[in-house]
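First residue of the sequence shown: 158, per our numbering; consecutive thereafter.
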Amino acid sequence: MDLLNTLVDKGLRRELPTREEALAVLATSDDELLDVVAAAGKVRRQWFGRRVKLNYLVNLKSGLCPEDCSYCSQRLGSKAGILKYTWLKPEEASKAAAAGVAGGAKRVCLVASGRGPTDRDVDRVTKTIEAIKEENEGVEVCACLGLLSDGQADRLRSAGADAYNHNLNTSEETYGAITTTHTYADRVETVQQAQAAGLSACSGLIAGMGESDKDLVDVVYALRDLDPDSVPVNFLIPFEGTPLAKEWNLTPQRCLRILAMVRFVCPDVEVRLAGGREVHLRSMQPLALHLVNSIFLGDYLTSEGQAGQADLDMIADAGFEVEGAGTTTLPRHRADALAGGCGSTSAAEPAGCGTQGSSGCGSHAAGGGCGPCGGHGEPEPAAAGAEEGVPAARTEPNGAARTDLVAVRRRGAGTDLAPNA
(Lines of atoms letter the chains of each structure in order from A and count residues from 1; the text may use other names and numbers.)
(Lines give C-alpha, C1' and ligand atoms only; values in the text may rest on other atoms or scores of the structure.)
Protein backbone atom coordinates (compact mmCIF):
# COMPACT_ATOMS: atom_id res chain seq x y z
CA MET A 1 0.00 0.00 0.00
CA ASP A 2 1.27 3.46 -0.88
CA LEU A 3 -0.13 4.73 2.43
CA LEU A 4 1.96 2.34 4.49
CA ASN A 5 5.13 2.97 2.48
CA THR A 6 4.64 6.69 3.06
CA LEU A 7 4.05 6.23 6.77
CA VAL A 8 7.13 4.04 7.17
CA ASP A 9 9.31 6.58 5.38
CA LYS A 10 7.96 9.37 7.55
CA GLY A 11 8.38 7.35 10.75
CA LEU A 12 12.00 6.49 9.98
CA ARG A 13 12.70 10.20 9.45
CA ARG A 14 10.62 11.33 12.44
CA GLU A 15 8.41 13.21 10.02
CA LEU A 16 4.84 13.52 11.20
CA PRO A 17 2.00 12.04 9.14
CA THR A 18 -1.04 14.05 8.21
CA ARG A 19 -4.31 13.64 10.07
CA GLU A 20 -5.80 12.14 6.93
CA GLU A 21 -3.08 9.49 6.90
CA ALA A 22 -3.67 8.70 10.57
CA LEU A 23 -7.40 8.36 9.96
CA ALA A 24 -6.67 6.10 7.00
CA VAL A 25 -4.75 3.71 9.28
CA LEU A 26 -7.83 3.34 11.51
CA ALA A 27 -9.98 2.76 8.42
CA THR A 28 -7.91 -0.11 7.01
CA SER A 29 -9.62 -3.46 6.65
CA ASP A 30 -8.93 -6.65 8.58
CA ASP A 31 -7.45 -8.08 5.35
CA GLU A 32 -4.80 -5.32 5.51
CA LEU A 33 -4.12 -5.65 9.24
CA LEU A 34 -0.91 -7.69 9.06
CA ASP A 35 0.48 -5.24 6.51
CA VAL A 36 -0.31 -2.38 8.91
CA VAL A 37 1.39 -4.17 11.81
CA ALA A 38 4.45 -4.99 9.69
CA ALA A 39 4.78 -1.38 8.52
CA ALA A 40 4.47 0.11 12.02
CA GLY A 41 6.83 -2.60 13.25
CA LYS A 42 9.58 -1.25 11.00
CA VAL A 43 9.25 2.14 12.68
CA ARG A 44 9.22 0.56 16.15
CA ARG A 45 12.39 -1.44 15.44
CA GLN A 46 14.17 1.60 13.99
CA TRP A 47 13.94 3.46 17.31
CA PHE A 48 13.69 0.66 19.89
CA GLY A 49 14.97 -2.52 18.30
CA ARG A 50 13.31 -5.60 19.80
CA ARG A 51 13.46 -4.34 23.39
CA VAL A 52 10.39 -4.32 25.65
CA LYS A 53 10.43 -2.14 28.74
CA LEU A 54 8.57 -3.52 31.76
CA ASN A 55 6.68 -1.22 34.13
CA TYR A 56 5.03 -2.12 37.43
CA LEU A 57 2.08 -0.38 39.08
CA VAL A 58 1.77 0.20 42.82
CA ASN A 59 -1.61 1.60 43.87
CA LEU A 60 -0.70 3.72 46.91
CA LYS A 61 -4.29 4.68 47.75
CA SER A 62 -7.26 2.93 46.20
CA GLY A 63 -10.81 4.15 45.72
CA LEU A 64 -12.78 6.97 47.37
CA CYS A 65 -11.83 9.59 44.77
CA PRO A 66 -13.93 12.80 44.72
CA GLU A 67 -13.49 13.24 40.96
CA ASP A 68 -16.20 12.07 38.54
CA CYS A 69 -14.03 10.63 35.73
CA SER A 70 -16.51 8.32 34.05
CA TYR A 71 -13.99 5.63 33.08
CA CYS A 72 -12.60 5.09 36.56
CA SER A 73 -13.73 2.49 39.10
CA GLN A 74 -12.21 4.60 41.88
CA ARG A 75 -14.41 7.65 41.32
CA LEU A 76 -16.85 8.96 43.90
CA GLY A 77 -20.03 6.90 43.81
CA SER A 78 -18.54 3.96 41.91
CA LYS A 79 -20.32 0.69 42.64
CA ALA A 80 -17.46 -1.42 41.32
CA GLY A 81 -16.34 -3.89 43.99
CA ILE A 82 -12.72 -2.80 44.03
CA LEU A 83 -10.20 -2.78 46.85
CA LYS A 84 -10.43 0.40 48.92
CA TYR A 85 -7.68 1.51 51.27
CA THR A 86 -5.86 4.63 52.33
CA TRP A 87 -2.16 5.44 51.88
CA LEU A 88 0.31 2.57 52.00
CA LYS A 89 3.26 3.12 54.31
CA PRO A 90 6.58 3.70 52.50
CA GLU A 91 7.87 0.28 53.54
CA GLU A 92 4.67 -1.40 52.27
CA ALA A 93 4.93 0.37 48.93
CA SER A 94 8.64 -0.46 48.68
CA LYS A 95 7.89 -4.14 49.31
CA ALA A 96 5.23 -4.11 46.59
CA ALA A 97 7.59 -2.38 44.17
CA ALA A 98 10.34 -4.91 44.87
CA ALA A 99 8.13 -7.72 43.56
CA GLY A 100 7.82 -5.96 40.21
CA VAL A 101 11.51 -5.16 40.02
CA ALA A 102 12.31 -8.82 40.77
CA GLY A 103 10.10 -9.74 37.81
CA GLY A 104 12.12 -7.51 35.50
CA ALA A 105 10.35 -4.16 35.82
CA LYS A 106 12.57 -1.20 35.06
CA ARG A 107 10.06 1.46 36.14
CA VAL A 108 7.75 1.55 39.17
CA CYS A 109 4.63 3.68 38.77
CA LEU A 110 3.26 5.05 42.05
CA VAL A 111 -0.42 5.92 41.69
CA ALA A 112 -2.86 7.44 44.17
CA SER A 113 -6.55 8.11 43.66
CA GLY A 114 -7.81 11.61 44.36
CA ARG A 115 -8.08 15.03 42.82
CA GLY A 116 -4.51 15.80 43.79
CA PRO A 117 -2.08 15.51 46.67
CA THR A 118 -1.88 17.75 49.70
CA ASP A 119 1.57 18.83 50.80
CA ARG A 120 1.37 16.13 53.46
CA ASP A 121 0.60 13.58 50.74
CA VAL A 122 3.65 14.73 48.78
CA ASP A 123 5.71 14.18 51.95
CA ARG A 124 4.39 10.61 52.07
CA VAL A 125 5.21 9.99 48.43
CA THR A 126 8.69 11.48 48.68
CA LYS A 127 9.45 9.10 51.56
CA THR A 128 8.11 6.22 49.47
CA ILE A 129 10.26 7.22 46.49
CA GLU A 130 13.32 7.39 48.72
CA ALA A 131 12.54 3.95 50.19
CA ILE A 132 12.12 2.37 46.77
CA LYS A 133 15.29 3.94 45.40
CA GLU A 134 17.26 2.85 48.45
CA GLU A 135 16.18 -0.78 48.06
CA ASN A 136 16.28 -0.97 44.25
CA GLU A 137 19.33 0.60 42.69
CA GLY A 138 18.75 2.08 39.24
CA VAL A 139 14.96 1.68 39.19
CA GLU A 140 12.93 4.49 37.63
CA VAL A 141 10.01 5.92 39.60
CA CYS A 142 7.01 7.59 37.99
CA ALA A 143 4.41 9.35 40.16
CA CYS A 144 0.75 9.70 39.22
CA LEU A 145 -1.09 11.76 41.82
CA GLY A 146 -3.54 13.96 39.88
CA LEU A 147 -3.54 17.74 40.35
CA LEU A 148 -0.24 19.26 41.36
CA SER A 149 -0.07 22.54 43.24
CA ASP A 150 2.78 24.96 42.65
CA GLY A 151 6.10 23.52 43.75
CA GLN A 152 4.92 19.94 44.17
CA ALA A 153 6.48 18.71 40.93
CA ASP A 154 9.80 20.22 42.01
CA ARG A 155 9.55 18.44 45.36
CA LEU A 156 8.87 15.10 43.66
CA ARG A 157 11.83 15.66 41.35
CA SER A 158 14.09 16.51 44.30
CA ALA A 159 12.97 13.32 46.07
CA GLY A 160 14.16 11.25 43.11
CA ALA A 161 11.06 10.90 40.94
CA ASP A 162 12.02 10.39 37.31
CA ALA A 163 8.66 10.90 35.63
CA TYR A 164 5.09 12.06 36.13
CA ASN A 165 1.99 10.53 34.55
CA HIS A 166 -1.15 12.44 33.69
CA ASN A 167 -3.23 11.18 30.76
CA LEU A 168 -5.27 13.27 28.33
CA ASN A 169 -7.54 10.23 27.85
CA THR A 170 -9.70 11.50 24.99
CA SER A 171 -10.13 14.42 22.64
CA GLU A 172 -10.68 17.96 23.89
CA GLU A 173 -13.99 18.08 21.99
CA THR A 174 -15.49 15.17 23.93
CA TYR A 175 -13.64 15.53 27.23
CA GLY A 176 -16.58 17.18 28.97
CA ALA A 177 -18.66 14.06 28.32
CA ILE A 178 -16.42 11.90 30.52
CA THR A 179 -15.41 14.32 33.30
CA THR A 180 -16.97 17.48 34.74
CA THR A 181 -14.87 18.13 37.85
CA HIS A 182 -11.82 19.34 35.92
CA THR A 183 -11.08 20.31 32.35
CA TYR A 184 -9.04 19.02 29.47
CA ALA A 185 -6.90 22.15 29.72
CA ASP A 186 -6.14 21.29 33.35
CA ARG A 187 -4.69 17.98 32.21
CA VAL A 188 -2.55 19.57 29.52
CA GLU A 189 -1.16 22.12 31.95
CA THR A 190 -0.48 19.44 34.57
CA VAL A 191 1.82 17.64 32.15
CA GLN A 192 3.51 20.92 31.29
CA GLN A 193 4.07 21.63 34.97
CA ALA A 194 5.81 18.28 35.38
CA GLN A 195 7.95 18.93 32.30
CA ALA A 196 8.95 22.35 33.60
CA ALA A 197 10.18 20.71 36.82
CA GLY A 198 12.46 18.43 34.81
CA LEU A 199 10.33 15.30 35.12
CA SER A 200 9.92 13.01 32.13
CA ALA A 201 6.31 13.37 31.00
CA CYS A 202 4.07 10.32 30.63
CA SER A 203 0.65 10.98 29.09
CA GLY A 204 -1.67 8.82 27.05
CA LEU A 205 -5.23 7.86 26.24
CA ILE A 206 -8.08 5.44 26.84
CA ALA A 207 -9.73 3.85 23.80
CA GLY A 208 -13.07 2.08 23.74
CA MET A 209 -15.30 4.66 25.45
CA GLY A 210 -17.43 5.12 22.33
CA GLU A 211 -15.14 7.69 20.72
CA SER A 212 -14.92 8.25 16.97
CA ASP A 213 -11.85 7.77 14.81
CA LYS A 214 -11.56 11.56 14.73
CA ASP A 215 -11.47 11.67 18.55
CA LEU A 216 -8.66 9.12 18.62
CA VAL A 217 -6.63 11.03 16.07
CA ASP A 218 -7.31 14.33 17.85
CA VAL A 219 -6.03 13.08 21.21
CA VAL A 220 -2.95 11.45 19.69
CA TYR A 221 -2.08 14.64 17.81
CA ALA A 222 -2.61 16.62 21.02
CA LEU A 223 -0.16 14.25 22.69
CA ARG A 224 2.25 14.77 19.82
CA ASP A 225 2.12 18.52 20.45
CA LEU A 226 2.51 18.05 24.21
CA ASP A 227 5.45 15.74 23.51
CA PRO A 228 5.59 13.32 26.44
CA ASP A 229 8.42 10.79 26.50
CA SER A 230 6.00 7.91 27.04
CA VAL A 231 2.45 7.39 25.78
CA PRO A 232 0.42 4.68 27.54
CA VAL A 233 -2.48 3.36 25.47
CA ASN A 234 -5.27 1.99 27.67
CA PHE A 235 -8.30 0.04 26.48
CA LEU A 236 -11.46 0.50 28.54
CA ILE A 237 -12.18 -2.36 30.96
CA PRO A 238 -16.00 -2.42 31.20
CA PHE A 239 -16.64 -3.60 34.75
CA GLU A 240 -20.06 -5.06 35.47
CA GLY A 241 -22.00 -2.76 37.77
CA THR A 242 -20.77 0.42 36.08
CA PRO A 243 -22.56 2.47 33.41
CA LEU A 244 -19.76 1.64 30.94
CA ALA A 245 -20.30 -2.10 31.39
CA LYS A 246 -21.94 -2.30 27.96
CA GLU A 247 -19.20 -0.35 26.15
CA TRP A 248 -17.66 -3.28 24.30
CA ASN A 249 -16.60 -1.28 21.24
CA LEU A 250 -13.21 -2.89 20.67
CA THR A 251 -12.00 -5.91 18.76
CA PRO A 252 -8.41 -7.17 18.77
CA GLN A 253 -8.07 -5.88 15.23
CA ARG A 254 -9.21 -2.36 16.13
CA CYS A 255 -6.84 -2.29 19.10
CA LEU A 256 -3.92 -3.14 16.81
CA ARG A 257 -4.92 -0.42 14.34
CA ILE A 258 -5.07 2.12 17.18
CA LEU A 259 -1.61 1.12 18.41
CA ALA A 260 -0.21 1.31 14.87
CA MET A 261 -1.66 4.80 14.42
CA VAL A 262 -0.07 5.94 17.68
CA ARG A 263 3.30 4.53 16.59
CA PHE A 264 3.16 6.31 13.22
CA VAL A 265 2.25 9.65 14.86
CA CYS A 266 4.79 9.28 17.69
CA PRO A 267 7.51 7.17 16.07
CA ASP A 268 10.34 7.57 18.59
CA VAL A 269 8.31 7.79 21.80
CA GLU A 270 7.91 5.00 24.35
CA VAL A 271 4.49 3.65 23.40
CA ARG A 272 3.19 1.56 26.29
CA LEU A 273 0.52 -1.12 26.04
CA ALA A 274 -1.42 -0.50 29.23
CA GLY A 275 -4.72 -1.42 30.91
CA GLY A 276 -7.17 -3.67 29.09
CA ARG A 277 -4.75 -5.45 26.77
CA GLU A 278 -5.64 -8.88 28.13
CA VAL A 279 -9.37 -8.14 27.84
CA HIS A 280 -9.42 -6.78 24.30
CA LEU A 281 -6.33 -8.11 22.51
CA ARG A 282 -6.50 -11.54 24.12
CA SER A 283 -4.57 -14.08 22.03
CA MET A 284 -3.36 -11.31 19.71
CA GLN A 285 -1.28 -9.60 22.41
CA PRO A 286 2.03 -10.82 20.91
CA LEU A 287 1.28 -8.94 17.67
CA ALA A 288 1.06 -5.72 19.68
CA LEU A 289 4.72 -6.10 20.67
CA HIS A 290 5.57 -5.23 17.07
CA LEU A 291 3.93 -1.83 17.68
CA VAL A 292 4.69 -0.95 21.31
CA ASN A 293 8.00 -1.06 23.16
CA SER A 294 6.67 -1.03 26.71
CA ILE A 295 4.06 -2.89 28.78
CA PHE A 296 2.87 -3.16 32.37
CA LEU A 297 3.88 -6.34 34.16
CA GLY A 298 1.21 -8.30 36.01
CA ASP A 299 -1.81 -6.60 37.59
CA TYR A 300 -3.12 -3.04 37.23
CA LEU A 301 -4.59 -0.56 39.69
CA THR A 302 -7.95 -2.21 40.38
CA SER A 303 -8.05 -5.00 37.79
CA GLU A 304 -6.12 -8.20 37.24
CA GLY A 305 -3.68 -8.63 34.41
CA GLN A 306 -2.24 -11.89 33.20
CA ALA A 307 0.44 -13.53 35.32
CA GLY A 308 3.82 -11.83 35.26
CA GLN A 309 5.52 -15.02 34.08
CA ALA A 310 3.03 -15.24 31.21
CA ASP A 311 4.09 -11.72 30.18
CA LEU A 312 7.75 -12.75 30.19
CA ASP A 313 7.01 -15.92 28.23
CA MET A 314 4.99 -13.95 25.67
CA ILE A 315 7.85 -11.51 25.12
CA ALA A 316 10.39 -14.31 24.66
CA ASP A 317 8.14 -16.43 22.44
CA ALA A 318 7.47 -13.45 20.15
CA GLY A 319 11.20 -12.95 19.65
CA PHE A 320 11.58 -9.84 21.79
CA GLU A 321 13.76 -9.22 24.84
CA VAL A 322 13.19 -7.50 28.16
CA GLU A 323 15.02 -4.19 28.34
CA GLY A 324 17.79 -4.25 30.94
CA ALA A 325 18.25 -1.71 33.70
CA GLY A 326 21.47 -0.46 32.12
CA THR A 327 19.83 0.35 28.78
CA THR A 328 18.47 3.80 27.97
CA THR A 329 14.88 3.41 26.78
CA LEU A 330 14.58 6.49 24.60
CA PRO A 331 16.53 7.07 21.39
CA ARG A 332 19.61 9.18 21.98
CA HIS A 333 18.18 12.41 20.60
CA ARG A 334 15.24 12.23 23.02
CA ALA A 335 17.35 11.09 25.97
CA ASP A 336 19.78 13.95 25.37
CA ALA A 337 16.92 16.45 25.12
CA LEU A 338 15.44 15.19 28.39
CA ALA A 339 18.80 15.37 30.15
CA GLY A 340 19.30 18.89 28.83
CA GLY A 341 15.92 20.09 30.03
CA CYS A 342 13.22 22.03 28.24
CA GLY A 343 14.15 23.82 25.07
CA SER A 344 17.30 21.83 24.42
CA THR A 345 16.29 20.49 21.03
CA SER A 346 17.67 21.82 17.81
CA ALA A 347 15.74 24.38 15.83
CA ALA A 348 16.18 22.14 12.82
CA GLU A 349 14.17 19.35 14.41
CA PRO A 350 10.41 19.12 13.88
CA ALA A 351 8.10 19.84 16.81
CA GLY A 352 5.93 17.15 18.34
CA CYS A 353 6.80 13.54 19.10
CA GLY A 354 10.51 13.33 18.58
CA THR A 355 11.36 16.73 20.06
CA GLN A 356 10.10 19.14 22.67
CA GLY A 357 7.20 20.85 20.95
CA SER A 358 6.00 24.40 21.44
CA SER A 359 3.86 23.39 24.40
CA GLY A 360 6.54 21.26 26.04
CA CYS A 361 7.56 23.89 28.59
CA GLY A 362 6.18 27.03 30.05
CA SER A 363 2.85 27.64 31.73
CA HIS A 364 2.05 26.20 35.14
CA ALA A 365 -1.39 25.24 36.36
CA ALA A 366 -3.29 22.54 38.17
CA GLY A 367 -4.71 19.41 36.57
CA GLY A 368 -7.07 16.69 37.67
CA GLY A 369 -7.59 12.98 37.56
CA CYS A 370 -5.88 9.82 38.66
CA GLY A 371 -4.01 6.78 37.43
CA PRO A 372 -3.04 5.46 34.05
CA CYS A 373 -5.06 2.30 33.90
CA GLY A 374 -6.90 -0.41 35.75
CA GLY A 375 -10.54 -0.33 36.77
CA HIS A 376 -12.97 1.89 34.93
CA GLY A 377 -16.07 3.23 36.47
CA GLU A 378 -19.29 5.06 36.51
CA PRO A 379 -20.34 8.13 34.49
CA GLU A 380 -23.49 10.18 34.59
CA PRO A 381 -23.04 11.37 30.98
CA ALA A 382 -22.42 8.95 28.15
CA ALA A 383 -19.01 8.82 26.58
CA ALA A 384 -18.32 10.34 23.18
CA GLY A 385 -21.49 10.33 21.15
CA ALA A 386 -22.97 8.27 18.33
CA GLU A 387 -21.72 10.37 15.46
CA GLU A 388 -20.43 9.34 12.07
CA GLY A 389 -17.19 7.43 12.46
CA VAL A 390 -18.07 5.93 15.84
CA PRO A 391 -17.97 2.15 15.58
CA ALA A 392 -21.18 0.42 16.62
CA ALA A 393 -21.00 -1.31 19.99
CA ARG A 394 -19.81 -4.85 19.45
CA THR A 395 -20.10 -7.99 21.49
CA GLU A 396 -18.63 -11.42 21.03
CA PRO A 397 -20.03 -13.72 18.29
CA ASN A 398 -22.43 -15.37 20.74
CA GLY A 399 -23.96 -11.97 21.49
CA ALA A 400 -22.65 -11.71 25.05
CA ALA A 401 -20.00 -9.35 26.40
CA ARG A 402 -16.89 -11.15 27.67
CA THR A 403 -17.39 -10.38 31.33
CA ASP A 404 -15.37 -13.49 32.15
CA LEU A 405 -12.28 -11.56 31.09
CA VAL A 406 -12.82 -8.76 33.62
CA ALA A 407 -11.53 -9.44 37.12
CA VAL A 408 -11.04 -7.13 40.11
CA ARG A 409 -7.57 -7.14 41.66
CA ARG A 410 -7.55 -8.97 44.99
CA ARG A 411 -3.80 -9.36 45.59
CA GLY A 412 -0.66 -7.28 45.80
CA ALA A 413 -0.63 -3.72 47.15
CA GLY A 414 -3.21 -3.17 49.89
CA THR A 415 -3.67 -6.90 50.58
CA ASP A 416 -1.86 -9.67 52.43
CA LEU A 417 -1.56 -11.75 49.26
CA ALA A 418 1.53 -11.95 47.07
CA PRO A 419 1.39 -9.77 43.92
CA ASN A 420 1.02 -11.13 40.43
CA ALA A 421 4.48 -10.05 39.25
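Positions of the beta carbon are idealized from the N, C-alpha and C atoms, including for glycine.
Inclusion of E435 and G465 in the CB contact set at 7 Å is not warranted, their separation being larger than that value.
The secondary-structure analysis by DSSP pairs N577 with nothing; it has no beta-bridge partner. Our two residues, N293 and R201, have alpha carbons roughly 29 Å apart in a direct line.
Between L383 and V348, the C-beta spacing is below 7 Å. Nearest in C-alpha terms to A379, of all of H339, V422 and L217, is V422. For the 7 Å CB-CB criterion, S251 and I289 form a contact. For E427, the enclosing beta strand (DSSP E) begins and ends at E427 to L430.
The region 370 to 410 is shown to contain whole beta strand (DSSP E) runs of 3 or more residues at 387 to 392, in chain order. Looking at E330, T283 and R264, the one whose alpha-carbon comes closest to that of V298 is R264. Between G273 and G295, the C-beta spacing is not below 7 Å. Per DSSP, the unbroken alpha helix (DSSP H) holding R176 starts and ends at R176 to L183.
C-alpha of E427 to C-alpha of L190: approximately 22 Å in a straight line. In this structure, DSSP gives K284 a helical state, which the three-state scheme calls helix.
Residue pairing of S230 in beta bridges, as defined by DSSP: absent, with no partner found.
Contact check for A492 against T485 passes: the beta carbons are separated by less than 7 Å. Straight through space, the alpha carbons of N450 and G367 are spaced by roughly 26 Å. Counting only the Cα atoms, K218 lies some 16 Å from D276.
Boundaries of the beta strand (DSSP E) around R208: R208 to K218. Close CB contacts of L240 within its chain, under the 6 Å cut and outside five residues either way in sequence, are with S219 and G571 (chain order).
Between the alpha carbons of A181 and G317 lies a distance of about 42 Å. Looking at A358, L438 and A179, the one whose alpha-carbon comes closest to that of R411 is L438. Counting along the chain, the unbroken alpha helix (DSSP H) around E248 starts and ends at P247 to A259. By the CB criterion at 7 Å, V193 and A417 fall inside the cutoff. In the DSSP secondary-structure assignment, A464 is not bridged to any residue. Separation of the CB atoms of L267 and V215 is rounded to 5 Å, and the pair is thereby assigned contact status at 8 Å.
In the displayed model, A195 falls within a helix according to three-state DSSP. Contact between K167 and L161 does not hold, since the beta-carbon distance rounds to 11 Å and is not under 8 Å. DSSP, reduced to helix, strand and coil, places E346 within a helical segment of the structure shown.
Straight-line spacing of the CA atoms in V565 and I363 works out to 19 Å. Cβ neighbours of L169 within its own chain (closer than 7 Å, five residues either side excluded): V200 and Q203. Here D561 is actually not in contact with P488; their C-beta atoms are around 40 Å apart, not less than 8 Å. A358 sits in a strand when the DSSP states are folded into three classes. With respect to L211, S357 sits apart: the two C-beta atoms are not nearer than 7 Å. Below 8 Å, too few C-beta pairs join the region 339 to 354 and the region 394 to 404 to call them touching: fewer than three. Separation of the CB atoms of L313 and V258 is rounded to 20 Å, and the pair is thereby denied contact status at 8 Å. No Cβ-Cβ contact shorter than 7 Å links R176 with F477.
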